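K.L.:
Residue numbers (our numbering): 32 to 553.
Idealized CB from N, CA, C, for every residue including glycine.
Only a predicted model underlies this, so the values are computations on that prediction, with no experimental measurement involved.
Sharing a structure below in structure tokens format, with a few things to ask.
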């Protein structure tokens with residue numbers, strides 16, 4: 032016993048003598064590795080969205096490993112902080128932090144991703160199939176809509192950078208070290224010490240809303256595409272949504288995303304091909320383009336919804352902390368954000384403009400519905416299959432966040448654990464998953480309007496996660512290091528984002544209420 036006590040004291044004294052640079056070896060986020068790079072290849076990148084909530088479980092495992100390391104003789108180097116913060120130098124030149132295997136052993140060979148791979152993930156997140164709604168935004172915004180596509184790209188690129196800046200603080204030597212891991216950590220740091228977990232709860236709620244709304248959008252777009260692909264069939268859009276949901280019910284039985292993620296890269300490539308086909312068809316009709324239809328006036332009632340559509344197409348901030356933390360050279364993050372958003376801005380602007388010029392006032396909510404019937408069915412079938420294969424990613428992420436928050440939060444959960452011995456999902460837990468699938472169907476049936484739902488999501492969660500919160504957090508955490516123009520940009524983005532969010536939310540809600548009443552009477 033005396034030997035054990037002496038051994039523990041020696042370990043604690045040794046750990047206390049370590050410098051801040053050695054703290055960089057304390058931990059590296061393992062959440063990204065749990066999801067795997069494959070899940071990130073989906074165009075929305077929503078496989079990363081669950082990382083913030085899952086980070087708590089990883090920290091708990093880290094604490095147990097540190098305690099176990101003390102008992103076994105201090106085989107684990109580093110301070111092993113109970114907070115579970117990770118520290119490593121921003122330029123990537125510091126010592127590489129070790130990662131933990133499932134058994135608690137150290138693994139220094141965890142794969143990192145290059146800046147090109149990180150750029151591919153961001154590109155998929157902001158170049159997804161929801162760009163099909165951008166021409167509809169130009170219909171109600173004209174040239175101002177095109178300007179907004181450029182403006183949103185600039186702002187989202189900037190807020191992505193300042194969000195990552197909130198992960199870092201200077202140590203005693205003036206070196207930037209990473210002291211936070213996720214969006215939730217940043218939010219909690221801003222609300223501490225009075226409300227240490229309030230910010231994380233707000234971010235998680237916004238995250239769940241965005242994930243569930245994305246699932247609803249997939250069901251809506253599937254029903255819409257099938258209905259317009261086979262107009263001669265005596266099947267309504269609501270009935271097609273029911274058929275699509277029936278195909279999605281097996282999602283309730285998902286244990287992981289390995290099977291689904293294998294198709295994500297193929298789906299993304301197929302979507303890019305479809306975009307090219309649409310642009311090629313529009314270019315073939317360049318002689319008939321209606322330039323006179325693109326004007327500077329806006330539809331005051333519907334343009335705020337277009338703002339939400341455009342903002343939603345750029346949402347990627349929720350997974351950027353995990354992405355940057357797993358880059359081989361974090362110093363290349365800013366450059367990666369620049370070229371990905373410049374490319375997205377150019378491609379989205381061209382796609383939206385040429386599509387609107389081709390169909391002008393006849394532009395529909397989903398632009399592929401404007402294609403000739405000879406090719407519309409083929410293109411729409413590809414898009415439906417892509418939507419159905421993409422649905423499990425946000426669904427599984429939403430389920431994971433809900434389960435960890437309400438059923439598995441280490442004894443602090445509101446409800447009993449939904450998993451039994453051996454990790455088997457209980458029957459009532461499976462019933463809740465099925466209920467979530469049915470809920471997305473009911474929303475798609477009663478509000479089968481792609482643009483309205485997309486605008487509402489962009490105004491509510493997109494503007495909050497991409498505009499409001501990053502600028503607010505940056506002002507709170509980096510106030511002492513900010514130059515006057517940074518303060519001006521942050522305040523301006525917060526004000527503009529707030530105005531866009533409120534106006535878009537109000538108009539989207541009004542449109543949804545009207546649509547809901549119409550469907551109830553229908």
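(1) Which residue comes first and which comes last in the alpha helix (DSSP H) that contains residue 273?
(2) Indicate the three-state DSSP secondary structure (helix, strand or coil) for residue 220 in the structure shown.
(3) For residue 363, does the three-state DSSP call read helix, strand or coil?
(4) Exposed or buried, which one is residue 335 when buried takes at least 16 other CB atoms within 10 Å?
(5) Going by DSSP, what residues sit across from residue 209 in a beta bridge?
(6) Tell me whether the beta-carbon of residue 208 lies closer than 9 angstroms to the beta-carbon of residue 429.
(7) Measuring only the C-alpha atoms, how far is residue 76 from residue 353?
(8) Terminal residues of the continuous alpha helix (DSSP H) containing residue 429?
(9) Does residue 3 pass the burial test, meaning 16 or more other C-beta atoms within 10 Å, or should it be called exposed?
(10) How do the region 353-370 and the region 148-166 stand: do at least 3 beta-carbon pairs fall below 8 angstroms, yes or no?
(11) Compare the Cα-Cα distances from residue 461 to each of 263, 201 and 286 and report the closest residue.
(12) Is the beta carbon of residue 480 closer than 9 angstroms to that of residue 541?
(13) Using DSSP with H/G/I as helix, E/B as strand and the rest coil, what is residue 20?
(14) Using C-beta distances below 7 angstroms, list every residue in its chain close to residue 327, excluding the 5 sequence neighbours before and after it, in chain order.
(15) Along the chain, where does the alpha helix (DSSP H) that runs through residue 352 open and close?
(16) Just the C-alpha distance for residue 399 and residue 224, rounded to the nearest angstrom, thanks.
(17) Considering only DSSP beta bridges, list what residue 527 is partnered with.
(18) Using C-beta distances below 6 angstroms, list every residue in its chain close to residue 168, excluding the 5 sequence neighbours before and after it, in chain order.
(19) Quick one: Cα of residue 51 to Cα of residue 232, how far?
(20) What's the C-alpha gap between residue 536 and residue 350?
(21) Let me know if residue 212 comes out buried or exposed under the rule of 16 or more other beta-carbons within 10 Å of its beta-carbon.
(22) Measure the CB-CB distance between residue 412 and residue 165 and report whether it falls below 9 angstroms.
(23) What does the alpha-carbon distance come out to for the pair residue 578 and residue 487?
(24) For residue 484, does the three-state DSSP call read helix, strand or coil?
(25) What does the alpha-carbon distance come out to for the pair residue 539 and residue 381?
P.N.:
In terms of the structure at hand:
(1) 268-279
(2) helix
(3) Assignment of residue 363 by DSSP, reduced to helix, strand and coil, places it in the helix class.
(4) buried
(5) 199
(6) no
(7) Annotation note: pLDDT 41 at residue 76 (below 50); position unreliable, coordinate value reported separately. Each residue's alpha carbon lies about 12 angstroms from the other.
(8) 423-437
(9) Since the first residue shown for the chain is 32 and the last is 553, residue 3 is missing from the structure and cannot be characterised.
(10) yes
(11) 286
(12) no
(13) Outside the displayed span of the chain (32 to 553) sits residue 20, for which this structure offers no information.
(14) Excluding residues up to 5 positions away in sequence, 173, 174 and 175 lie with their Cβ nearer than 7 angstroms to the Cβ of residue 327 in the same chain.
(15) 351-356
(16) 51 angstroms
(17) The partner list for residue 527 (beta bridge, DSSP) is empty, contrary to what the question assumes.
(18) 176, 337, 340 and 341
(19) Low local confidence applies: a pLDDT of 34 at residue 51 is under 50, so the model's placement there is unreliable, and no value is given.
(20) 24 angstroms
(21) buried
(22) Annotated as distal: residue 412 and residue 165, with beta-carbon spacing of 9 angstroms or more.
(23) Lying outside 32 to 553, the shown extent of the chain, residue 578 is not represented and no answer is given.
(24) Of the three classes helix, strand and coil, the one that applies to residue 484 here is helix, per DSSP.
(25) Between the alpha carbons of residue 539 and residue 381 lies a gap of roughly 26 angstroms.
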